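Quick notes on the structure that follows.
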Amino acid sequence: MSAAARPVRVAVPRGDLRTPVGERLAAASFRAPGYLEGSRTYRFDVEGVEGVQVRVFSDQDIPIQVALGQYDLGIASGTWIDELLVRYRHDSVVPLRPLDIAGETLVVAGEPGASLARLAEAGVVRVATEYPQIAHHYLTRLRVPDYRLYEVWAQAEAWPPRDAELAIAPASAVAKEGLAVLGTVHRGGVWLIANREALATRDLSAALGPLLSLPRATAEGGLVDPPPLAATRGTSRPAPSRERFRIAVPDGHAQRHTVAALADAGIAFPGYEASSSVRYPESDDPEVEVKVMRPQDMPRAVALGHFDLAISGRDWLRAFLATFPSAPVVELCDLRRSKYQMGAVISEDLPVGSIEEAIALWRRDDPQRPIRVASEYASLADEYARTRHLGRYRVIPISGASEGFVPEDAEILIEGTETGTTLRANRLRMIDVIMESTNCVIGHAAAPDGARGARRAEYVARLRAAAEAVA
Amino acid sequence: MTANPTVAHPPAEESAMPDRGLHSPGMRDLGPAEMRRFRTAERRFLDAVEGAGYLEIRTPTIEPLHLYTAAGTLSPQALERVYSFLDWDGWSGERVVLRPDATVAAARWYADAVRAGGASTARVAYVAPVYRFAAEGDREVWQCGVELFGAPAAEGDRELLTLAAGFLRGLGARDVAVDLAHAGLVRATFAAAGLSPAQQVEAYDLMLEGDAGVTERLAQAHPEQATGLRLLAGVDGHSAGYIQNLRAALLATVPAAAGPLDDLAGAAAALDAAGVPYRVLAATARNFEYYSGVTFRFRQGADAEARTLIGGGRYDGLTRTLGGASAPACGWGGDLLRLAEVAS
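Structure follows, in structure tokens:
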């Protein structure tokens with residue numbers, strides 16, 4: 000279909016923004032039946048408007064989709080728009096209108112009593128954030144002489160004070176974690192954005208008209224340029240030494256399986272149950288500290304030496320090592336739970352028997368056509384594209400709503416599936432298996448000395464024995 | 000929002016990457032003929048500087064980003080255009096950068112060399128690419144340059160200006176003139192007008208962009224310094240006499256200008272001796288916060304068509320900012336491909 004003939008594509012957010020955006024769209028006579036109601040469908044028509052298609056994405060994916068030209072218009076948080084534009088200013092996103100929808104403010108936070116000036120003066124400042132480009136922009140303007148950015152998947156606010164000096168994170172999350180706000184980094188906001196080329200060359204008025212009538216915000220939000228600190232480069236901050244054994248356990252989908260694996264091994268962390276959300280559960284051993292965090296961020300935290308053990312997934316370990324092959328983190332024990340297959344997923348409608356045949360089909364009319372590979376595991380998608388010799392390809396990092404990408408927004412999805420049910424429901428199939436993932440125990444490549452090393456060996460032995468017994 | 004509507008945008012395509020052939024944007028090949036010219040210019044550069052006692056060094060293409068992020072190195076605006084990324088050790092949170100500036104890399108080399116017991120005075124030269132994002136034009140620029148560490152300011156400035164003039168003469172560059180300025184002079188004047196360091200940078204950039212309004216606004220807010228500000232920003236001097244006039248206009252209200260004016264007078268005398276015409280401006284260098292003293296650019300041609308062949312200046316605080324011993328330092332560099340074009 001030519002660009003001129005295809006429908007006007009509008010990307011709208013799911014999650015917390017779905018309700019306020021859906022309400023305003025309905026009030027502006029731009030109603031996509033099912034969107035406001037939280038339908039699990041990814042694509043919607045617009046009631047009474049011909050030639051317009053609405054697609055639901057995770058908020059943070061929308062600026063990328065609009066920048067790529069896959070969507071003509073989008074509504075997204077100012078933080079995610081600026082996370083793209085602050086680094087890629089030449090990109091093809093045009094901010095059109097700030098909407099009167101509350102968006103999260105980003106702040107820089109540390110432990111109560113902390114001071115940005117003192118931290119900057121004292122040596123290397125470790126900063127955890129989901130927004131590395133905005134953080135880089137802020138910290139260079141603040142003139143922090145030397146900093147390290149920990150680019151985490153989520154819950155950056157959980158890193159200070161033990162695992163980082165600072166977090167740059169949403170204000171509400173920081174408050175919940177009990178951190179002190181030390182400065183505002185981004186004033187938030189929600190924006191209507193457009194692809195520059197689409198604005199210049201296509202008639203978008205069927206969607207643009209009603210969307211430009213959405214109520215406008217009184218303030219534009221956006222990046223904050225902090226006044227520079229007068230800090231000079233300090234001496235290296237000494238690495239914190241610790242005596243206590245630290246173990247990280249996951250929240251989210253993996254929590255239930257981990258609770259069961261620990262119980263089988265006779266290990267109890269009161270407060271860490273299948274449905275609890277305590278950050279620091281207890282341990283009956285006073286020399287053991289337990290922390291709940293996202294399994295995606297565990298390989299980095301272990302490599303950094305923050306934890307002696309962590310229970311994560313093999314998928315996340317492999318994704319981390321695909322990006323940083325020399326990172327000192329290894330799998331110590333397979334817990335054999337939470338088993339699923341990770342692989343290359345394509346449309347069920349493609350009449351092919353292998354990924355090679357699929358590539359040949361996609362490139363039948365245009366040998367230079369780039370193959371789009373979408374995945375939450377961007378490093379694994381990149382590794383797959385390289386090793387399977389996809390030739391010219393483009394990795395599209397995504398953060399959710401993944402089953403909706405193929406075939407319209409990507410040719411291949413790198414995705415995990417336990418039973419295949421969700422894939423089949425979305426007319427998808429796995430054509431190439433990359434790996435089998437289970438949850439596993441990971442640790443630093445160099446075992447710690449002394450009591451911590453002995454405790455690590457004991458925990459691994461107990462967890463391994465329990466896993467083998469269950470299998 | 001940060002979108003910049005003034006820069007060129009690649010066309011978006013439906014499910015297709017922009018077709019740039021097999022080139023990465025901003026990068027270019029050098030064919031045999033261009034390489035021959037490149038090597039000729041490079042040889043003349045190395046002959047000229049080695050004859051003056053400058054020894055060639057080579058620093059890595061990849062450096063830690065933190066070398067460039069501290070105040071007194073690159074400006075935040077310049078940092079937005081560097082190629083920084085996470086390499087295989089990036090799990091530690093440390094970013095690396097493709098060398099965006101050769102002077103900072105050379106200063107890092109000097110700090111390491113002195114720490115390892117090397118001489119406190121060093122004359123070094125380099126030929127190396129630097130990488131900075133540009134919406135149009137080259138993103139990889141081959142620079143040749145020299146750095147002089149440890150020599151007293153007046154002597155060092157004079158030596159470098161004379162060396163640059165001699166190199167360009169040997170290269171066969173014609174119609175060359177110099178723009179001179181002093182970073183410390185502008186800073187002292189702005190500071191006396193009550194501007195914070197951040198406001199000084201902003202006003203300096205506006206002045207470089209030719210915004211006469213910034214001077215006028217400052218002059219009206221600080222009438223006691225109006226004459227000095229207007230003379231500094233509004234009149235381009237062409238002789239040592241102009242520097243004397245600045246002295247008369249500024250010193251009563253900006254006593255800190257005395258040292259910078261002495262430096263400028265010394266630089267002007269060196270150019271007089273080398274027979275190179277010059278003019279004295281308020282500012283010549285942007286995006287490089289490390290400049291602390293005389294700055295200069297050797298240009299070819301008149302204003303509208305002028306192109307900079309060599310730029311440089313004094314940066315006494317840089318080695319200290321990088322964690323090394325404090326040392327007076329100055330240097331200059333030029334785009335070797337551009338220099339190859341003007342070589343006779």
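Chains as they are written, first to last, in numbering that gives the first Met the number 0: chain P, 0 to 470; chain E, 0 to 343. The beta carbon of each residue, even a glycine, is placed where N, CA and C say it ideally should be. Because the structure is a prediction, the values reported are computed rather than measured.
Subject >> CB of P/Val106 within 9 angstroms of CB of P/Ala127, strictly >> reply: Position 107 of the first sequence, counted from the start, is the residue given in the question as residue 106 of chain P. Position 128 of the first sequence, counted from the start, is the residue given in the question as residue 127 of chain P. No. Outside cutoff.
Original post:
Of all the CB atoms in chain A, is at least one closer than 9 angstroms to the CB of E/Glu93?
Top reply: This model lacks chain A altogether; the protein chains it does include are P and E.
Original post:
For P/Ile63, does the count of other Cβ atoms within 10 angstroms reach 16, so buried, or fall short, so exposed?
Top reply: As a first step, residue 63 of chain P must be located in the first sequence, where it is residue number 64. That one is buried.
**OP:** Identify the continuous alpha helix (DSSP H) that holds E/Gln198 and give its terminal residues.
**Re:** Within the second sequence, residue 198 of chain E is the residue found at index 199, counting from 1. Going by DSSP, E/Gln198 is part of the alpha helix (DSSP H) stretching over 196-207.
Original post:
For P/Arg54 versus P/Val93, is the C-beta spacing smaller than 9 angstroms?
Top reply: Here residue 54 of chain P refers to the residue found at position 55 of the first sequence. Here residue 93 of chain P refers to the residue found at position 94 of the first sequence. No, Cβ-Cβ distance for P/Arg54 and P/Val93 is not below 9 angstroms.
**OP:** Report yes if the C-beta distance between P/Phe56 and P/Ile397 is below 9 angstroms; otherwise report no.
**Re:** In the first sequence, the residue the question calls residue 56 of chain P occupies position 57. In the first sequence, the residue the question calls residue 397 of chain P occupies position 398. In this structure, P/Phe56 sits near P/Ile397, with a CB-CB distance shorter than 9 angstroms.
Original post:
Applying a beta-carbon distance threshold of less than 7 angstroms, which residues of chain E neighbour P/Arg299?
Top reply: Counting from 1 along the first sequence, the entry for residue 299 of chain P is found at position 300. Residues of chain E passing the Cβ test: Trp90.
**OP:** Work out the CA separation of E/Pro31 and E/Arg278 for me, nearest whole Å.
**Re:** Stepping through the second sequence from its first residue, residue 278 of chain E is reached at position 279. Stepping through the second sequence from its first residue, residue 31 of chain E is reached at position 32. C-alpha separation (whole angstroms): 39 angstroms.
Subject >> Pairwise C-alpha distance: E/Leu249 and E/Thr188 >> reply: One-based indexing of the second sequence puts residue 188 of chain E at position 189. One-based indexing of the second sequence puts residue 249 of chain E at position 250. The straight-line gap from Cα to Cα measures roughly 8 angstroms.
Original post:
Are any of the Cβ atoms in chain P nearer than 9 angstroms to that of E/Pro344?
Top reply: In the structure as shown, chain E begins at 0 and stops at 343. Residue 344 of chain E is therefore absent and cannot be evaluated.
**OP:** Answer yes or no: does any C-beta atom of chain P fall closer than 9 angstroms to that of E/Ala324?
**Re:** Position 325 of the second sequence holds residue 324 of chain E. Not closer than 9 angstroms to any Cβ of chain P, the Cβ of E/Ala324 fails to qualify, so no.
**OP:** Answer with yes or no whether the minimum CB distance from E/Ser387 to chain P is below 9 angstroms.
**Re:** Outside the shown range of chain E (0 to 343) lies residue 387 of chain E, about which nothing can therefore be said.
Subject >> Beta-ladder partner(s) of E/Arg122, from DSSP >> reply: Working through the second sequence from its first residue, we reach residue 122 of chain E at position 123. Looking at the DSSP assignment, E/Arg122 forms a beta bridge with E/Leu147.
Original post:
What is the DSSP secondary structure of P/Glu378, counted as helix, strand or coil?
Top reply: In the first sequence, residue 378 of chain P corresponds to position 379, counting from 1. Glu is not the amino acid found at residue 378 of chain P; the sequence shown has Ser there. The three-state reading of DSSP puts P/Ser378 in helix, counting H, G and I together.
Original post:
Given that E/Trp87 touches chain P, what residues does it touch there, using C-beta distances under 9 angstroms?
Top reply: Taking the second sequence and counting its residues from 1, the one referred to as residue 87 of chain E is at position 88. By Cβ distance, chain P contributes Thr322, Phe323, Pro324, Ser325, Ala326.
**OP:** Grab me the residues of P/Ala170's own chain with a C-beta within less than 6 angstroms of its C-beta, minus the 5 sequence neighbours each way, in chain order.
**Re:** If you number the first sequence from 1, residue 170 of chain P lands on position 171. These residues qualify, in order along the chain: Thr104, Val106.
Original post:
For P/Ala75 versus P/Leu213, is the C-beta distance shorter than 9 angstroms?
Top reply: In the first sequence, the residue the question calls residue 75 of chain P occupies position 76. In the first sequence, the residue the question calls residue 213 of chain P occupies position 214. The beta carbons of P/Ala75 and P/Leu213 sit no closer together than 9 angstroms.
Original post:
Just to confirm, are P/Val372 and P/Ile433 a CB contact at a threshold of 9 angstroms?
Top reply: As a first step, residue 372 of chain P must be located in the first sequence, where it is residue number 373. As a first step, residue 433 of chain P must be located in the first sequence, where it is residue number 434. In this structure, P/Ile433 does not lie closer than 9 angstroms to P/Val372 by Cβ.
Subject >> Helix, strand or coil at P/Ser91 according to DSSP, with G and I counted as helix >> reply: Against the first sequence, residue 91 of chain P aligns to sequence position 92. Coil.
Original post:
Per DSSP, which one or two residues make a beta bridge with P/Lys290?
Top reply: Here residue 290 of chain P is taken as the residue at index 291 of the first sequence, counted from 1. Its beta-bridge partners are P/Ala247.
**OP:** Please determine if the region 263-272 of chain P and the region 152-172 of chain P are in contact, where contact requires at least 3 C-beta pairs separated by less than 8 angstroms.
**Re:** Taking 8 angstroms as the limit for Cβ pairs, the verdict is that the region 152-172 of chain P does not touch the region 263-272 of chain P.
Original post:
Taking DSSP as the reference, what is the three-state secondary structure of P/Ala409?
Top reply: Start at 1 with the first residue of the first sequence, and residue 409 of chain P comes out as number 410. In the structure shown, P/Ala409 sits in coil (DSSP, three-state: anything other than H, G, I, E or B).
**OP:** Give the secondary structure of P/Arg125 by DSSP, where H, G and I count as helix, E and B as strand, and everything else as coil.
**Re:** Residue mapping note: residue 125 of chain P aligns to position 126 of the first sequence, counting from 1. Correct three-state label for P/Arg125: strand.
**OP:** Mark P/Arg385 as exposed unless 16 or more other C-beta atoms lie within 10 angstroms of its C-beta, in which case mark it buried.
**Re:** Sequence index remark: in the first sequence, residue 385 of chain P carries index 386 (1-based). Using a 10 angstroms sphere on the CB of P/Arg385, the tally of other CB atoms stays under 16, which defines it as exposed.
Original post:
Since E/Pro180 and E/Ala281 are thought to touch, with beta carbons under 8 angstroms apart, how far apart are those beta carbons, to the nearest angstrom?
Top reply: As a working mapping, residue 180 of chain E is identified with position 181 in the second sequence. As a working mapping, residue 281 of chain E is identified with position 282 in the second sequence. A small fix is needed here, since residue 180 of chain E is Ala in this sequence, not Pro. A Cβ-Cβ separation of about 6 angstroms places E/Ala180 in contact with E/Ala281 under the 8 angstroms criterion.
**OP:** Could you tell me which of E/Gln198, E/Asp88, E/Val177, E/Pro128 sits nearest to E/Leu308, measuring between CA atoms?
**Re:** Sequence index remark: in the second sequence, residue 308 of chain E carries index 309 (1-based). The shortest Cα separation from E/Leu308 among E/Gln198, E/Asp88, E/Val177, E/Pro128 belongs to E/Val177.
**OP:** Check P/Arg215 in the structure and name its three-state DSSP category.
**Re:** Within the first sequence, residue 215 of chain P is the residue found at index 216, counting from 1. It is a strand residue.
**OP:** Evaluate P/Glu457 with the Cβ neighbour count: other Cβ atoms within 10 Å of its Cβ, from every protein chain shown; 16 or more gives buried, anything less gives exposed.
**Re:** As a first step, residue 457 of chain P must be located in the first sequence, where it is residue number 458. Burial call: exposed.
Original post:
Just curious, the beta strand (DSSP E) that P/Asn194 is in, first and last residue?
Top reply: Counting from one through the first sequence, the residue named residue 194 of chain P turns up at place 195. Per DSSP, P/Asn194 belongs to the beta strand (DSSP E) from 189-194.
Subject >> Test item: CB-CB of P/Glu414 and P/Met429 under 9 angstroms >> reply: Against the first sequence, residue 414 of chain P aligns to sequence position 415. Against the first sequence, residue 429 of chain P aligns to sequence position 430. Yes, Cβ-Cβ distance for P/Glu414 and P/Met429 is below 9 angstroms.
Original post:
Going along the chain, which residues of the region 59-87 of chain E sit with their C-beta nearer than 7 angstroms to a C-beta in chain P?
Top reply: Those residues of the region 59-87 of chain E that come within reach of chain P (Cβ to Cβ, closer than 7 angstroms) are His65, Thr68, Ala69, Ala70, Pro75, Leu78, Trp87.
Subject >> N- and C-terminal bounds of the alpha helix (DSSP H) containing E/Phe344 >> reply: The first residue shown for chain E is 0 and the last is 343, placing residue 344 of chain E beyond what the model contains.
Subject >> Run of the beta strand (DSSP E) containing P/Ser436, from where it starts to where it stops >> reply: On the first sequence, position 437 is the one that residue 436 of chain P refers to. If you look at P/Ser436, you'll find it in the beta strand (DSSP E) that goes 427-436.
**OP:** Report yes if the C-beta distance between P/Arg391 and P/Arg426 is below 9 angstroms; otherwise report no.
**Re:** Taking the first sequence and counting its residues from 1, the one referred to as residue 391 of chain P is at position 392. Taking the first sequence and counting its residues from 1, the one referred to as residue 426 of chain P is at position 427. Taking a C-beta distance under 9 angstroms as the contact criterion, P/Arg391 and P/Arg426 do not qualify as a contact pair.
Original post:
Quick one, are the C-beta atoms of P/Ala302 and P/Asn438 less than 9 angstroms apart?
Top reply: Here residue 302 of chain P corresponds to residue number 303 of the first sequence, with the count starting at 1. Here residue 438 of chain P corresponds to residue number 439 of the first sequence, with the count starting at 1. Contact flag unset, no.
Original post:
Since E/Ala164 and E/Val275 are thought to touch, with beta carbons under 8 angstroms apart, how far apart are those beta carbons, to the nearest angstrom?
Top reply: Position 165 of the second sequence, counted from the first residue, corresponds to residue 164 of chain E. Position 276 of the second sequence, counted from the first residue, corresponds to residue 275 of chain E. Rounded, the Cβ-Cβ distance is 5 angstroms, consistent with contact.
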